[in-house]
Amino acid sequence: MSRTSAKGVISPFHGVHDHSHCQTQALENAIDECRKRGLKLTKLRQQVLEIIWDSHNPIGAYDVLQSLQKRGHKPAPPTAYRALEFLVSAQLIHRVESLNAFIGCPSPGSTHQCQFYICKECGHIAELSNQDVAKALSQGAEQLGFISQQPVIEVHGLCRECQ
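And the structure:
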């Protein structure tokens with residue numbers, strides 16, 4: 024079940040979940056966000072976004088390409104990669120660096136530094152946007168005279184259901 028709390032937790036860890044509603048809402052939010060920012064969400068980009076939102080599990084670029092082919096499209100790999108790059112830069116999806124995969128962003132358009140909690144057993148990912156963690160990273164970078172550009176925190180472990 025996806026849950027949002029005051030701490031900004033987006034958790035798909037097990038439970039009852041209306042994924043159809045979740046997916047529809049995510050796509051509507053992405054379309055609205057692109058319209059507001061004057062970004063072009065082409066048919067291919069939208070289909071890639073739909074594929075990513077088909078589940079709450081991370082999906083690799085090669086799997087996205089295979090899914091596009093199953094839908095009757097035959098884009099060249101660079102075309103699919105460019106669509107993924109666009110979606111990441113538009114903050115509609117996140118890249119999960121340690122898995123070399125992508126997952127939908129439940130808060131498109133909001134500037135946030137998120138932390139990912141990745142279950143090594145079931146593969147589900149929970150996104151947490153804890154501002155205290157973001158602030159600590161920013162302060163650490165400042166102390167070092169470092170300009171942080173893409174802070175990524177990924178924590179691997181076991182979710183409540185898999186413990």
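Read in order, the letters of the sequence shown correspond to residues 24 to 186 in my numbering. For glycine and all other residues, C-beta sits at the position ideal for the given N, C-alpha and C. All values reported here derive from a predicted model rather than from experimental measurement.
Does the separation of the CB atoms of residue i and residue j fall below 8 Å?
{"i": "C142", "j": "L151", "result": "no"}
{"i": "W76", "j": "A49", "result": "yes"}
{"i": "I148", "j": "I126", "result": "yes"}
{"i": "L67", "j": "T102", "result": "yes"}
{"i": "V111", "j": "F139", "result": "no"}
{"i": "A53", "j": "L115", "result": "yes"}
Tell me whether residue i is buried or exposed, calling it buried when 16 or more other Cβ atoms sit within 10 Å of its Cβ.
{"i": "Y85", "result": "exposed"}
{"i": "P100", "result": "exposed"}
{"i": "R26", "result": "Per-residue confidence for R26 stands at a pLDDT of 36, beneath the threshold of 50, marking its modelled position as unreliable; no derived number is given."}
{"i": "A29", "result": "Low local confidence applies: a pLDDT of 33 at A29 is under 50, so the model's placement there is unreliable, and no value is given."}
{"i": "L88", "result": "buried"}
{"i": "H79", "result": "buried"}
{"i": "L167", "result": "exposed"}
{"i": "H117", "result": "buried"}
Return the bridge partner residues of residue i from the DSSP annotation.
{"i": "V71", "result": "DSSP, once it has assigned bridges, lists no residue as partnering V71."}
{"i": "V178", "result": "Y140"}
{"i": "R200", "result": "Limits of the chain in this structure are 24 at one end and 186 at the other, which puts residue 200 out of reach."}
{"i": "I82", "result": "F125"}
State the CB to CB distance for the pair residue i and residue j, rounded to an integer number of angstroms; the pair is presumed to be in contact (CB under 8 Å).
{"i": "A124", "j": "P174", "result": "Not confirmed; about 19 Å, so no contact."}
{"i": "C128", "j": "C182", "result": "Not a contact, Cβ separation roughly 20 Å."}
{"i": "P131", "j": "E51", "result": "That pair is no contact at about 10 Å."}
Would you say the beta carbon of residue i is closer than 7 Å to some non-hydrogen atom of the ligand ADP?
{"i": "R60", "result": "In terms of ligand content, the structure shown is empty, and the ligand ADP therefore cannot be addressed."}
Specify whether the region 65-79 and the region 90-106 touch according to this definition: at least 3 beta carbon pairs, one from each stretch, less than 8 Å apart.
-> yes
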